[in-house]
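Numbered per the numbering used here, the sequence shown spans residues 33 to 158.
Yeah, the Cβ is synthetic: ideal placement off N, Cα and C, and Gly gets one too.
Values in this document were obtained by computation on a predicted structure and should not be read as measured data.
Just below is one structure, and these are the notes that go with it.
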Amino acid sequence: LIEKLQAKGIAIEVHAPEKPNEMLRVLGDVAFPLLIIAGLLFLRSRAPGGGGMPGMPGMQSKAKVMLTPDTGVKFADVAGIDEAKWELTEIVDFLKRPERFVKVGAKIPKGVLLTGPPGTGKTLMA
């Protein structure tokens, strides 16, 4: 192709491309995502209902702690495995009066996992 162009008398000039500045390329790769993230955080903080970054002063949530009312359900109302009811009763007793259990070296439980087939009262006990 080049030979045909030269035979027709067309001048061809070839230039090596200029290398872009590496610092500008890296800055563009970092700055653009940071601007997008900052813009989204700004829009989120301006939205109704609060928002903002958690843990930042002046940006606390307006959520309130609501205590659940007394349901009136007692352990006697739960049908199911009596051993599970007894163990859960013991945990409740420990949470109400821990002094008695601490004397023998008991520690506060991190949580309780209720397992069993459907219909045995796990949700009712919770």
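Under the three-state reduction of DSSP, A39 is assigned to helix. Shown here, E119 sits in a helix according to DSSP, grouped into three states.
Around L67, the same chain offers no residue with a beta carbon nearer than 7 Å, after the five sequence neighbours per side are excluded.
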